[in-house]
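Visitor:
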Amino acid sequence: MSILTRAPTNINAQDRELQQAIAAETRRQHEGLELIPSENYVSKAVLETLASTLTNKYAEGYPGRRYYGGQEHTDTVERIAIDRAKRLFNAKFANVQPLSGAPANLAVYAALLKPGDTVLGMDLSHGGHLTHGHPVTFPAKVFRFVRYAMGDPETGALDYEAMRQTALQERPKLLLAGFSAYSRNLDYQAFVDIGREVGAYVMADIAHIAGLIAGHALENPFDYGFDILTTTTHKTLRGPRGGMVLVREDAALAKKIDKAVFPGLQGGPHMNTIAAKAVAFGEALHPSFTRYAHQVCANAKTMADVLSARGLRLIGGGTENHLVLADVYGSLGISGSKAQDLLDSVGITVNKNVIADDTRSAMDPSGIRLGTPALTTRGFFQADCARVAHLLVDALEHSTDEDRLRAIRAEVRALAEAHPIPASFIPERRPAGRSQRTTVPARR
Ligand code: DSN
C-alpha cells in the first residue's frame, strides 16, 4: 500500500485551496526521485501521530514535573520517546523536546558555554553546518567559533594533528564533530583524545547519520567516549521533523541541557511531534531498520562509483555514508544552481552545495549534494541506484537536448512509479526491542 492512499478528507471539504497545494506536493514526492540526502519519507503511523490530539496540549516541563494539569498521557508519551531514544543510541539521558537540529545545538551551547567562549568545529565549505558557528547565525554573535578543515579534499581526510594544534592554541570549551556535507567517516578517537587534552566537552552533531548509527551501519561516537550527541529526527532516522540531545552518562550535564531546552530556550514542547518521534524510534529499533541503514550506504557507494566513472569529481573521492558531494562546475562547467534546476526539470531532486574552498558563491556554488536515504526507503537497491546516477549524468551532459531530457523525465517517472512510497516499514507486528535485532548484510 502506498502512502498516497491516505486522503486528508476534512481538509478536502473545508479548505480546497490548501488541500490542492498539499495534494500537489504529495504527487511531486510520488512522481519524482528524491536525492536530497537530508530528506526521507515517514511511515503512515508517524503521519497519523503528527496529526493526533496531542497537538492540543501544553506540557511545559518534563515528565513528572510539569507546570500545567492534565499531563498523565503526555508523560507516558514523552517517557516512551526518551526510553527508545536511549536504547537506540546507548545513551543514559535523552532530551526529546528540541524543535529541530538548530535548537538542539543551541541548547548545548547555552548549557555549556558563557558568552565569548570558544567552540572548535568544521568549516562550512568543508562540510560543516551553519549552526556550527557560521557568521550569519546568532550563536556566532555570542560565542567564538574557530574552524578545522579537510586536510585533503580529494580524499576527504581531516588533518587531526592540525586540529590538535588549533585546539591547543585556541583552548575551546567545546569540540564539535559533525557535518551536513561530508562523505567520510570521522576518527572519533582522535576527537576524544584532543578534547580530553584541552579540557573541552566533545560533541557530535549526528543529524545526517543518526539513522545509520541507529542501524549499526556506522559507528556510534558514544562508543569512543563522546559526551553529547545532537541530532534531527527526520533525516536518515526517518521520523518527524524535530531534534534531540543525548548525553552519554553525565547526569549533571544532562540536567544542564534539560534546563537549557526548557525554560532556557523553548516553551511548550510539541507533544504530537514527540509522540511521532517515539513511533519512528520504535521503527528504528526493529530489525528491518538495520537492513535499511546498510542498504542506504551500499546504494550511496554505488551512486558514487557511477558518478565518478562518468567523470564527475567527487569531494572526498567517494562516500562511506549516505551522501555524495559532486563538483559539477569543475567537472562539467555547470554551476550547482543550474544543475539543480535542470535535474528538477527531469524529476530528480538534489541540492546545490558549496564545495571545499569554493570559488563560487553559496547561492550559485560549484557542487551538488545528493544521497540515498529516501530512495532506499522506496526499495531502491544498487542496480536501480546505478541507473539513477546514469540518468543524472545524462541530464547534465545533454542539458540542451529537449528530446533527451523528455526521455529521461519519462524514465525517472517510471522508476518512481515502480517504487511506491511505502505506508509502513514494519513487516510484521512484534514487540520492539534491541534483543531482536540482527545484523543483516545489504541485499543485492
Ligand atoms: N538543511 C539540512 C541539510 O539539508 O543538511 C541541515 O540543516
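The letter at position 113 of the sequence shown is residue 122 when you use my numbering, and the numbering goes up by one with no holes. A virtual CB, placed ideally from N, CA and C, is assigned to each residue, including glycine. From a predicted model like this one, the values you see are computed outputs, not experimental measurements.
Assign P181 to one of two classes, buried (16 or more other C-beta atoms within 10 Å of its C-beta) or exposed (fewer than that).
Guide: Numbered from its first residue, the sequence shown carries residue 181 at position 172. With 16 or more Cβ atoms within 10 Å of its Cβ, P181 is classed as buried.
Visitor: Excluding the 5 residues preceding and the 5 following I237 in the sequence, name in chain order all residues of the same chain whose CB lies nearer than 8 angstroms to its CB.
Guide: In the sequence shown, residue 237 corresponds to position 228, counting from 1. If we look at I237 and ignore the five residues flanking it on each side, its Cβ neighbours are V117, Y210, V211, M212, A213, V254, L255, V256, R257, L262 and I266.
Visitor: With a cut-off of 8 angstroms on the beta carbons, I'd call G376 and A416 a contact; round off their distance for me.
Guide: Taking the first residue of the sequence shown as 1, we reach residue 376 at position 367. Taking the first residue of the sequence shown as 1, we reach residue 416 at position 407. With 8 angstroms as the limit, G376 and A416 do not qualify as a contact, their Cβ atoms being about 26 angstroms apart.
Visitor: If we ignore side chains and look at the alpha-carbon of each, how far apart do I218 and F298 end up?
Guide: Taking the sequence shown and counting its residues from 1, one reaches residue 218 at position 209. Taking the sequence shown and counting its residues from 1, one reaches residue 298 at position 289. Roughly 13 angstroms between the two C-alpha positions.
Visitor: Candidates K150, F147 and L115: which alpha carbon is nearest L185's?
Guide: The count along the sequence shown starts at 1 and reaches residue 185 at position 176. Ranking K150, F147 and L115 by Cα distance to L185 puts L115 first.
Visitor: Provide the residue span of the beta strand (DSSP E) that contains A22, from first to last.
Guide: Translated into the one-based positions of the sequence shown, residue 22 becomes position 13. Unbroken run through A22 is the alpha helix (DSSP H), T18 to Q23; no beta strand (DSSP E).
Visitor: Using 10 angstroms around the beta-carbon of L27, count the other beta-carbons present and answer buried if the total reaches 16, otherwise exposed.
Guide: Position 18 of the sequence shown, counted from the first residue, corresponds to residue 27. By the neighbour-count rule (16 or more Cβ atoms within 10 Å), L27 is not buried but exposed.
Visitor: Please list, in chain order, all residues of the same chain as D126 whose beta carbon is under 6 angstroms from its beta carbon, the five residues on each side excluded.
Guide: Counted from its first residue, the sequence shown places residue 126 at position 117. Cβ within range, chain order: F152 and K182.
Visitor: Using a Cβ-Cβ cut-off of 8 angstroms (strictly less than) and excluding sequence neighbours within five positions of S344, which residues of its own chain qualify?
Guide: By one-based count along the sequence shown, residue 344 stands at place 335. Hits under 8 angstroms: V337, Y338, K361, R369, D373, P374 and S375.
Visitor: What is the DSSP secondary structure of Q445, counted as helix, strand or coil?
Guide: As a working note, residue 445 is residue 436 in the sequence shown. A caution first: Q445 carries a pLDDT of 41, below 50, which makes its placement in the model too unreliable to give a value.
Visitor: Sorted by chain position, which residues of the same chain lie with C-beta nearer than 8 angstroms to R522's C-beta, five sequence neighbours on each side aside?
Guide: Only positions 10 to 453 of the chain appear in the structure, and residue 522 is not among them; the question remains open.
Visitor: Decide if Q178 is buried, meaning its Cβ has at least 16 other Cβ atoms within 10 Å, or exposed.
Guide: One-based indexing of the sequence shown puts residue 178 at position 169. Q178 should be labelled exposed.
Visitor: If I measure Cβ to Cβ from T328 and keep anything under 7 angstroms in the same chain, skipping five residues before and after, which residues do I get?
Guide: The count along the sequence shown starts at 1 and reaches residue 328 at position 319. So the list reads S192, A309, K310 and A313, once near-sequence residues are dropped.
Visitor: Should L63 go down as buried or exposed, given a rule of 16 or more other Cβ atoms within 10 Å for buried?
Guide: On the sequence shown, position 54 is the one that residue 63 refers to. Under this definition L63 is a buried residue.
Visitor: Checking 8 angstroms against the spacing of the C-beta atoms, do D132 and Y169 come in under that value?
Guide: Looking up residue 132 in the sequence shown gives position 123. Looking up residue 169 in the sequence shown gives position 160. No, the Cβ-Cβ distance between D132 and Y169 is not below 8 angstroms.
Visitor: Would you mind reading off the limits of the beta strand (DSSP E) that contains A455?
Guide: Outside the displayed span of the chain (10 to 453) sits residue 455, for which this structure offers no information.
Visitor: Below 6 angstroms CB to CB, which residues in the same chain sit around I20 once its five sequence neighbours on both sides are set aside?
Guide: For the purposes of this step, residue 20 is identified with residue 11 of the sequence shown, where counting begins at 1. These residues qualify, in order along the chain: Q28.
Visitor: Mind listing which residues have their beta carbon within less than 5 angstroms of any non-hydrogen atom of ligand 1? Chain order is fine.
Guide: My final list is S47 and S189.
Visitor: Residues in its own chain within less than 7 angstroms of N104 by CB, not counting five upstream and five downstream?
Guide: For this step, residue 104 is matched to residue 95 along the sequence shown. Answer for N104: M253, V254, I266, D267 and V270, listed in chain order.
Visitor: Quick one: residues in its chain with C-beta nearer than 8 angstroms to the C-beta of T447, no 5 flanking neighbours on either side, listed in chain order?
Guide: For this step, residue 447 is matched to residue 438 along the sequence shown. Interpretation of T447 is limited by its pLDDT of 34, a score under 50 that renders its predicted location unreliable; the figure taken from the coordinates is listed afterwards. Cβ within range, chain order: P296 and T299.
Visitor: Alpha carbon to alpha carbon, what distance is there between L352 and A404?
Guide: Locating residue 404 in the sequence shown gives position 395, counting from the first residue. Locating residue 352 in the sequence shown gives position 343, counting from the first residue. Distance between the alpha carbons of A404 and L352: 7 angstroms.
Visitor: What number of angstroms, rounded off, separates the C-alpha of R156 from the C-alpha of G130?
Guide: Here residue 156 refers to the residue found at position 147 of the sequence shown. Here residue 130 refers to the residue found at position 121 of the sequence shown. For R156 and G130, the distance between alpha carbons rounds to 5 angstroms.
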